[in-house]
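First to last, the protein sequences are chains R and Z. Taking numbering that gives the first Met the number 0, I'd label the letters of the first sequence as residues 0 to 327. Taking numbering that gives the first Met the number 0, I'd label the letters of the second sequence as residues 0 to 306. We put the CB at the ideal spot given by N, CA and C, even for glycine.
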Amino acid sequence: MVLLAAILASPSTFTNPQGRADRYNQTCLCFQTAYDWDLGRVSDSANSLYSSAKPESAFVRWVNQWGSAVVDGITTIGDMTLFSWKMLKWLFTRLPCRGTVLVNFYQVGALSLPVVALTGTFIGMVLAVQSYAQFHAIGLDSRLGAVINSTLVKELGPVLAATMLAGRVGGAMAAVLGTMRVTEQIDALTAMGADPIHYLVVPRFLACILLIPSLTIMADFMGIVGGYFYSVIILGIDHAAYLNHSRDGVTGFDLFSGIFKSVFFGSIIAIVSCYRGFNCEPGAEGVGKAATTAFVYSFVLILAVDLFLTIVMNSIYYTIYPNGTSFL
Amino acid sequence: MNEVSGQAEEDDIDNDVDVDDDITAFEDSNRDVAAAQQTSDEQPLIEARNVSVVFDDQIVLQDIELQITRGQTVAIIGESGCGKTVFMKTLVGLVNPTQGEIYFDGEGLHHMGYAELTQTRRRFGFVFQNAALFDSMSVYENIAFPLRQSKVVSETVVEESVMQHLAEVGLPKNVAYKRPAELSGGMRKRVGLARALILKPEVVVYDEPTTGLDPIMSDVINELILDTRRRYPVTSVVVTHDMHTARKVADRVLMFYPRSRLDEDESQVLFDGPPSALEHAEDRRVRQFVRGEAGERLTELAHGLSG
Chain R
0 MVLLAAILAS PSTFTNPQGR ADRYNQTCLC FQTAYDWDLG RVSDSANSLY
50 SSAKPESAFV RWVNQWGSAV VDGITTIGDM TLFSWKMLKW LFTRLPCRGT
100 VLVNFYQVGA LSLPVVALTG TFIGMVLAVQ SYAQFHAIGL DSRLGAVINS
150 TLVKELGPVL AATMLAGRVG GAMAAVLGTM RVTEQIDALT AMGADPIHYL
200 VVPRFLACIL LIPSLTIMAD FMGIVGGYFY SVIILGIDHA AYLNHSRDGV
250 TGFDLFSGIF KSVFFGSIIA IVSCYRGFNC EPGAEGVGKA ATTAFVYSFV
300 LILAVDLFLT IVMNSIYYTI YPNGTSFL
Chain Z
0 MNEVSGQAEE DDIDNDVDVD DDITAFEDSN RDVAAAQQTS DEQPLIEARN
50 VSVVFDDQIV LQDIELQITR GQTVAIIGES GCGKTVFMKT LVGLVNPTQG
100 EIYFDGEGLH HMGYAELTQT RRRFGFVFQN AALFDSMSVY ENIAFPLRQS
150 KVVSETVVEE SVMQHLAEVG LPKNVAYKRP AELSGGMRKR VGLARALILK
200 PEVVVYDEPT TGLDPIMSDV INELILDTRR RYPVTSVVVT HDMHTARKVA
250 DRVLMFYPRS RLDEDESQVL FDGPPSALEH AEDRRVRQFV RGEAGERLTE
300 LAHGLSG
């Protein structure tokens, strides 16, 4: 499927100014090669432009629309595959200069830290508020720490950090690159002999995958602190029992699986956001759309990949530890 | 103390000599390349063979044949949407033609690998319509960018070169440390020109160089285009719909016409000749464009209002 998509997609869509339009050119070229079209065929298509369109039946229109949607979808997957492939090739052949990378590290890491810490704290406290009633009813108040911390470390920490990053950084990346596309700055890079993917995408990708684990750890830590604060200080749960059960409920594997997943989330944010920016439609509306779709697509993909990775990690966990861990 | 300062002065002089040597070596190498290429004067520097470009279902360019010889200044004129900018981007390999080929110095761009195409692009200087300066960089960094990308010179040479090119386009030194957003439209265009010229390109391509500028600044840009031609042995392609620019800077003018408004057998290039022949062109549409007459467009307007 991905191979088919990659064949349908142009190898140079993202480095050319006309993006999708140029991909169309390439697709035309493929067809022209396959069927040995002569120049007359272009004239034929020109004629068809001038001639009035024949009325189509509702069924034909329906099939056309669905067919176009499917082809567009497959082409986008192929485009993104080629885009990622080009980026990975640069990543392993020549890294961008330190100055370019450090700016992105600062944008992605340092500037995201406060917001990730703050949201992590609140999520920890919200978990305590929501779980307390049920645990109190069955007299297991002191086990609250195990549930809060386990949920945070395995799921909420990584997903929350990734969501904040997708919103704060992903949207900005798509908007910046989209504006660069619209104002021909990406064309200028190409015209001056620089590769836009090497210069613009690789540093952003590096910043996302290398810094998201730290942000995840920060979200985990602040969530644990928030949960502890609300459970022990506000709700009055016994401090020693809370901590003791918290330690029992969270294993090193849980922490590892959360951080491991976050690297995939970082990759998704960087690739989707940069891709949307590179394929931005003209005008202010195009830039806005690129930023919005970058966040929406990243978020949906993060959740889908999270489910898949959780299943995989659980399988690995139960293969290593057949008896599992029971904290209740 | 004197001995120390004397030694320091000697070191400074040595450094200056080294920098001068670096610049001379850099410029010599460019001149050598240019000289080597001048031996093949008989073949056109840029050649478009049967070029067609189609976007989605829209034919932008069809069957364009064009040869530009070394040293020429060609103005491509035509109304908005006729494909001038697309053609120019096709010439430098920023847009791939749907059909046909572009040859630069006898080499087909379509035959080139990525590295070769990148090297070839460095032989072009591209002045974009809105300058396309990088917002995140200062003017200095913008102008230095192509040099730093080419990685052939030291930082001292970069600084010398940036300041020299800034002076050549008539901008004061203090502009170097401003952001592009702080500059006026005319200054941005001049910075764009300085950036395009810093690698001493063989071809300079101008996309609407005077659009959006006042008449005086437009004339300043026109003079800079002429000055560039006098200063360096460049071939220039100027895409414009400003007839004053076309007449002033070009020694050959091509007029494009939108494909959708032509009959099937008509060429998209309505005029190819010297600027002096524009007024007396056989084709009515060329004369209308040159004189700025709406012609049949008024009929369209009337249809639109009545419909």
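L209 of chain R places its beta carbon 9 Å or farther from that of F91 of chain R.
Apart from sequence neighbours up to five positions away, no residue of its chain approaches V70 of chain R with a beta-carbon distance below 6 Å. For V203 of chain Z, no Cβ of chain R is located within less than 9 Å of the residue's own Cβ. Residues of chain Z whose Cβ lies closer than 8 Å to the Cβ of T189 of chain R are, in chain order, L93, R120. Counting only the Cα atoms, Y316 of chain R lies some 30 Å from H238 of chain R. For the region 170 to 198 of chain R, the set of positions with a beta-carbon nearer than 7 Å to some beta-carbon of chain Z reads T182, E183, Q184, D186, A187, T189, A190, M191, G192, A193 in chain order. Chain Z has no Cβ within less than 9 Å of the Cβ of V146 of chain R. Here L60 of chain Z is not near I45 of chain Z, since their CB atoms are 9 Å or more apart. F133 of chain Z reaches chain R at Q184, counting residues in chain order whose Cβ is nearer than 7 Å.
Under the Cβ criterion (8 Å, minimum of three pairs), the region 166 to 180 of chain Z counts as touching the region 188 to 195 of chain Z. Taken through DSSP and simplified to helix, strand or coil, T234 of chain Z comes out as strand. For A206 of chain R, the enclosing alpha helix (DSSP H) starts and ends at 201 to 227. The beta carbon of V201 of chain R sits no closer than 9 Å to any beta carbon of chain Z. DSSP places I75 of chain Z inside the beta strand (DSSP E), whose first and last residues are 72 to 76. Judged by DSSP in its simplified three-state form, M136 of chain Z adopts coil rather than helix or strand. In the structure shown, D282 of chain Z adopts coil according to DSSP, grouped into three states.
Looking at the DSSP output, L253 of chain Z bridges to Z:I75, Z:D271.
R246 of chain Z is a Cβ neighbour of L277 of chain Z, given a cutoff of 9 Å. As DSSP reads the structure, D206 of chain Z sits in a beta bridge with Z:V238. Taken atom to atom, the span from the alpha-carbon of Y102 of chain Z to that of N49 of chain Z is near 11 Å. Distance from the CA atom of F58 of chain R to the CA atom of A269 of chain R, rounded to whole angstroms, is 40 Å. Nearest to G119 of chain R by C-alpha distance, out of R:S149, R:Q64, R:P321, R:T215, is R:T215. Under the three-state reduction of DSSP, V249 of chain R is assigned to coil, being neither helix nor strand.
Using a C-beta cut-off of 8 Å, the region 252 to 268 of chain Z makes no contact with the region 97 to 111 of chain Z, since fewer than three inter-stretch Cβ pairs fall below that distance.
As computed with DSSP, Y296 of chain R is found in no beta bridge at all. Within chain R, the residues whose beta carbon sits less than 8 Å from that of Q148 of chain Z are M191, G192, A193, listed in sequence order.
Distances from the CA of I75 of chain Z to each of Z:S153, Z:P208, Z:A301 were compared; the closest alpha carbon is that of Z:P208. Residues G170, A173, A174 of the same chain have their beta carbon placed closer than 6 Å to that of A290 of chain R, with the five preceding and five following residues left out of the count.
In this structure, P179 of chain Z sits near N141 of chain Z, with a CB-CB distance shorter than 9 Å. Contact check for G177 of chain R and C279 of chain R: beta-carbon distance about 3 Å, within the 8 Å limit, so the pair qualifies. Excluding five sequence positions before and after G291 of chain Z, the CB atoms of its chain that fall closer than 8 Å to its own CB belong to M242, given in chain order. The beta carbons of V233 of chain Z and T227 of chain Z sit closer together than 9 Å. Unbroken alpha helix (DSSP H) stretches of 4 residues or longer found wholly inside the region 107 to 191 of chain Z: 113 to 120, 138 to 149, 154 to 167, given in chain order.
Put simply, the region 154 to 166 of chain Z does not touch the region 213 to 231 of chain R. Fewer than three CB pairs are less than 8 Å apart.
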